[in-house]
Each structure stands twice: as structure tokens, then as C-alpha cells.
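The opening residue of the sequence shown carries number 1 in UniProt numbering; numbering runs sequentially from there.
Idealized CB from N, CA, C, for every residue including glycine.
Right, one structure below, let's go through it.
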Amino acid sequence: MSKPPASRGMAGASRAGLYARRALAVFIGAAFVFPFYWTVVISLGRPGEFSNFPPVLVPHWDWSNWSRAWHSAPWLRLFGNTVLIASGTVLLCLVTSLLAGFAFGVLRFPGRKFLTLLVLAVLMMPGTVLIIPDYVLANDLHLLNTYWIQIIPWGASVFGIFLVRQFFLTMPAEILDAAALDGASRLRFLRSIGVPMVRPALVIIAINVFLGSWNSFLWPVIMTDSNMESSSTVQPIEVGLSTFANAEGTDFPGLAAAVTFTTLPVMVFFLLLQRQFIRGALSAAGGVRG
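Here's what the structure looks like:
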């Protein structure tokens, strides 16, 4: 039995809409992937090709740029430094966000709203304004050229505190009262009930802090030793990329090669965990709305 014309028309319109959404998704995906693809093409191109117009969009598979880039800096140590700094920053930021968010969202104490506004006011202060005072303070504390100066100052996130606080504000007060009647301390309540409840927010915080630490350049280049030949360097990979720019100019093919093999670990990490990222983002959005 054939479908009525109206049903066929609706099915055709629905199919056309589906194809249009898929085409739009492919176009947006290509727009995001193209810059990285072009970087790969430049890294595998011949000397001077990157400045040609129209640009060369097909790689020539010249691996000499990769070899030169790999030998220009101690990349294995820089990778290790970056992973150590990013991991330490994430762990410290998760702890501070969880504790401060729990205090501002669940506990009742005088001045809670004022302190919350004071913490949020930190977002309005440009970070570059504090560079010189921070450098002087780090020098007085003998923290320059250490891992600590790259971890401790970023161990608290205003965004993370706010996000965790919003999750706890959606929790009924009766849950905390019931836990108190059962003899559970506040830390026990936070560990057994609070952490599972705000896990989506913690995922988002970990992603943002990890990527921010991985891509950090200005802070480590100011606070650490610029001697890349030193075996005691504590700098991350972003600072290592600056070795391709000097008084004679910028080695764009070598820089493109270094950018490619330093970006691949982050891309693989995201592709392997993208479902968890998306699930955490959707849950966090629901917590903020609530």
C-alpha cells in the first residue's frame, strides 16, 4: 500500500534536512581540520614553498624539516616537563575547585556571598597586569626556573570553583541533613556523595586546565631559564617552539614540523576520550542551568 502524497512529502523534506545538516557538519569539520592539514603540508614541503601563492595543498613528503626540527630542542624532556606540569596543575586545580565549590555551594557561613563575588571578581583582572609583581615575588621565594612556579599559581581556577558551586547549589539541603544525622562528617559527605555528583564538572575542569597548561607560553618563558641546551631545563614544549624564531627570521617549515608532532598527542587524547568529553559537557551545562 503506497503512502499518501503528504507523507511522502514530509519524508522527503526530513531526508533533505538530514542531508543538509550532515553537509553543514562536514563543512564545519573541514574548516577546523584545514589549518592543521596545511601545517602538515608546510612541514613536508620544500624550502620556500610555504610562501607560494596560490598555496601548495599537496605534501611533497620531504622529511628533512622533521629531522631538523627534532634535533633543534630536547623534545623528549620538554614532553615530560609538559606532562608533569599539566598533570600537577590539573590535580591541584581539581582539589581546590572541589573544596571551594563545596564551601560556597553547600556550607552556610557569614560573608559567603561576598567571598563568592570576590572570587568571581578575579576574572575581571587581566593576567598581564600581574606579570611583574609575580616575577618579583617568585624571585624572592626562589621559585624561578622550577616546576613549582609553573604549577602552583595555576592550581586554582575561578571557572572551576564557579562550576562546582553551581552543581552543589542544585543539590537539596535535605541530603546534607540526612548525612549529618547518619553521623557522616562533611569530608565524608564530600567524598561519598559530593564527588560522584559533580564528576561531570570535574571532567570539564580537568580538560580546560590540562589544555591551558599544555598551551601555556608567556608564563613559563618568563619564569624559567631560556637555555634550551641545558640538561636541567624545566620548560614545556610551547617554549621549545620559540627556538625556531631568531634574529635571522622564522624557520616556518621547521616550526610547522615541530607544531605537528607536539600537537598530535593532544589530538589523539581528545579522539580517544571525546565521548567522555561530550557527556561531561552536556551534564555540566545542565548543572549550570539548574
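Quick check on residue i: buried or exposed, where buried means 16 or more other Cβ atoms within 10 Å of its Cβ?
i    : result
N139 : exposed
G111 : exposed
V203 : buried
P253 : buried
S67  : exposed
F167 : buried
S157 : buried
W154 : buried
A201 : buried
L262 : Looking at the sequence itself, residue 262 is Thr, so the reference to Leu does not match. Per the 10 Å Cβ criterion, buried.
G17  : exposed
P133 : exposed
T128 : exposed
L272 : exposed
V58  : exposed
L44  : buried
P220 : buried
R188 : exposed
R22  : exposed
S51  : exposed
Residue i and residue j look like a contact to me (Cβ under 8 Å); what is the Cβ gap, rounded to whole Å?
i    : j   : result
A256 : I42 : 4 Å
G240 : W75 : 7 Å
A178 : V90 : 32 Å between Cβ atoms; not a contact.
P236 : L92 : Not a contact, Cβ separation roughly 16 Å.
Do residue i and residue j have their CB atoms nearer than 9 Å?
i    : j    : result
V195 : G101 : no
T82  : E238 : yes
S97  : L163 : yes
S216 : Q150 : yes
V40  : T260 : yes
F210 : I161 : no
V95  : L176 : no
I131 : L218 : yes
L99  : L190 : yes
I222 : Y135 : yes
A73  : A258 : yes
F159 : L137 : no
To the nearest angstrom, report how far apart residue i and residue j are at their CA atoms.
i           : j    : result
A184        : L115 : 27 Å
A20         : I28  : 12 Å
H60         : T250 : 21 Å
R108        : M267 : 42 Å
S14         : F270 : 32 Å
T224        : V234 : 7 Å
G290        : A173 : A caution first: G290 carries a pLDDT of 49, below 50, which makes its placement in the model too unreliable to give a value.
P265        : R46  : 25 Å
A30         : K113 : 45 Å
W38         : A25  : 20 Å
P54         : F36  : 18 Å
G80         : N208 : 19 Å
N65         : H142 : 39 Å
A180        : R165 : 20 Å
M171        : S192 : 14 Å
L84         : L120 : 28 Å
L118        : G88  : 26 Å
residue 306 : E49  : Beyond the ends of the chain as shown, which are 1 and 290, falls residue 306; an answer cannot be given.
I278        : P126 : 30 Å
D182        : S242 : 58 Å
V56         : D62  : 13 Å
Using a threshold of 8 Å, is the CB atom of residue i nearer than that to any non-hydrogen atom of the ligand ZN?
i    : result
P126 : Looking at this structure, you won't find the ligand ZN or any other ligand, since it has none at all.
Mind pulling the alpha helix (DSSP H) runs of 4 or more residues that sit fully within the region 177–226?
-> 186–189, 199–214, 218–223
Enumerated in chain order, which unbroken segments of the beta strand (DSSP E) with a length of 3 residues or greater are wholly contained in the region 47–117?
-> none
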